[in-house]
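Add 1 to a position in the sequence shown, counting from 1, and you land on the number used in my numbering. For glycine and all other residues, C-beta sits at the position ideal for the given N, C-alpha and C. As the structure is a computational prediction, the values presented were derived from the model and not from experiment. Reading through the structure tokens given below for one structure.
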Amino acid sequence: MASSGSADLVIVANRLPVDRVTLPDGSQGWRPSPGGLVTAIEPILRANEGTWIGWPGGTETEDELEPFEDDGMDLVPMAMTATEVEYHYEGFSNATLWPLYHDVVAKPEFHREWWDSYKAVNQRFAEKAAEEAAEGATVWVHDYQMQLVPAMLRKLRPDLRIGFFLHIPFPPTELFQQLPWRRQILEGLLGADLVGFQLSGAAQNFVRLVRQRVGHKTHRDLVYLPDGRTVRAAAFPISIDSAGFEELARSEPVSERAVEIREALGNPRKVFLGVDRLDYTKGIYARLRAFAELIEDGELDVEDAVFVQVATPSREQVEQYRILRDDIDRLVGRINGDLGKIGQPAIAYFHSSYPREEMAALYRAADIMVVTPFRDGMNLVAKEYVACRFDNGGALVLSEFAGAAEELRQAWQINPYDINGMKAALLDAYQAEDRDLTRRMKAMRKQVMEHDVAAWADKFLEELGALQSSHSKSVRP
Ligand code: ADQ
């Protein structure tokens, strides 16, 4: 067994919760990247003297990156070489696994040198976790970039309690079988005591694959390993800091900004909004086309309706993402050229990332939130919109292929491949009466406000702690 460290809770994720930045004086510093995951996990990390292991996002070498404390959390930055960034991160993670796990919306690429790099990076993260974790500690591994860590870590430290959570969908068995390294990935995940997914269908896919491909005995959500261990696979739908978003949305500056945004758009009757990472799984192209067709058909008028699309730059080194960016640039240009009027574009398109306050103001300013991914693990944007609508107003048009559709049943649910169906739903949401909007939003708000990200993290750790394990301690929520 490797010598143990002092952390009772270790988070292993591809990225650290902070980004490396160059400060005004030219020196290097850190800026928190305030995501929902950090908000949820931070209090638990603090209560348990926890440590977060992850890549800070550059190509600094190991010597340049020292562990440090940030607001009560111990952060351990992991170095990645330029080749590892290309092979492990952009390659295997984002050009093999990402499209494969999202219904092959784009064609996954299989390269043996990418896989070798994926293994090597996972091994290094596992070794670091083994070094940091105290005797009997809990290690929580996150997402598709780290699927081999659980088994690698168990080999080094059988005393640990290990949990894994997959933030993206787990594919149907027929698609997963394409992966040349399918068995190794399944065995990697089986190193965990608890494997968490967004939806129960994903957990079932996983258990079925383990039975078929690895040959272990299974019963419902349990896998029985030959060495006597059991692994549980279950759904833990992730959420957001719901109260935090509502509070932000209610604040004076955000309320004023929401009014300002509508004015700047020319005070149209209705504002449609899309907010996504610029990713081909999100269905941005099809949704903008559907909106444009409604104008061409004479159902909507640019005097009355505008579509605001905010797309955060993402994975710009991966070719598919560059192609997508160009495609959308061209589409927006064509739609505005054909259908816009002076001072009244049909689509207001922003290729940028905004602070949380601006996001909350956009959510408040928007009458119809349009979330149309071809496949999405959960989709937090849909939940953020709902959390910000304390006025019980606003409509949500939501793809049935987003994980969030299982909880947000009162949204206008659509099939993103069906352009006519999408057009009909957009129009219906546009014309909906206030009474209908309120009824739907109230029900969705109940769901989102009662199931926030803190409850999600507590539930995962509680269930991980409850699993029988010979020597490990459990973590305080
Ligand atoms: P993502 O694919 O990144 O997450 P999503 O769940 O929508 O998708 O989360 C995006 C986050 O980024 C949201 O919190 C949103 O507010 C923020 N964001 C988006 N555009 C932004 C912009 N222009 N400026 C600032 N912030 C912006 C992955 C999975 C999802 C899963 C989450 C969490 O793909 O399915 O829900 O992880 O598990």
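One alpha carbon belongs to residue 312, the other to residue 376, and they sit about 17 Å apart. In this structure, residue 163 lies near residue 154, with their beta-carbon atoms less than 8 Å apart. With contacts defined by Cβ atoms closer than 8 Å, residue 172 and residue 119 do not form a contacting pair.
Judged by DSSP in its simplified three-state form, residue 431 adopts helix. When DSSP assignments are scanned along the segment 214 to 241, the uninterrupted stretches of beta strand (DSSP E) that are 3 or more residues long and fall wholly within it turn out to be 218 to 220, 223 to 225, 231 to 236.
Within the chosen limit of 7 Å, ligand 1 reaches the beta carbon of residue 168 through at least one heavy atom. Apart from sequence neighbours up to five positions away, the residues of its chain that approach residue 92 with a beta-carbon distance below 6 Å are 115, ordered along the chain.
Across the structure, residue 383 and residue 408 are spaced so that their CA atoms are roughly 11 Å apart.
Per DSSP, reduced to three states, the secondary structure at residue 292 is helical. In this structure, the alpha-carbon of residue 108 lies about 43 Å from that of residue 7. When the alpha-carbon of residue 5 is set against those of 295, 127, 437, the nearest one is in 127.
Restricting attention to 237, 87, 196, 277, the CA atom closest to the CA of residue 386 is found in 277. The beta carbon of residue 235 sits closer than 6 Å to those of 204, 222, all from its chain and outside the five residues before and after it, given in chain order.
In this structure, residue 322 has its beta carbon at no less than 7 Å from each heavy atom of ligand 1.
For residue 101, the enclosing alpha helix (DSSP H) begins and ends at 99 to 102.
Unbroken alpha helix (DSSP H) runs of no fewer than 4 residues, entirely contained in the segment 56 to 99, are not found. In this structure residue 43 is buried. Its beta-carbon is surrounded by 16 or more other beta-carbon atoms within 10 angstroms. Within the segment 404 to 467, the complete alpha helix (DSSP H) runs of at least 4 residues fall at 420 to 432, 435 to 451, 454 to 467. Excluding five sequence positions before and after residue 286, the CB atoms of its chain that fall closer than 7 Å to its own CB belong to 328, 329, 332, given in chain order.
In the three-state scheme derived from DSSP, where H, G and I count as helix and E and B as strand, residue 194 is classed as coil. Assigned with DSSP and collapsed to three states, residue 108 falls in coil, not helix or strand. Annotation for residue 457: 41, 237, 238, 239, 240 place their beta carbon closer than 8 Å to its own, counting only its chain and skipping 5 residues before and after.
Residue 12 has 53, 141 as its beta-bridge partners, per DSSP.
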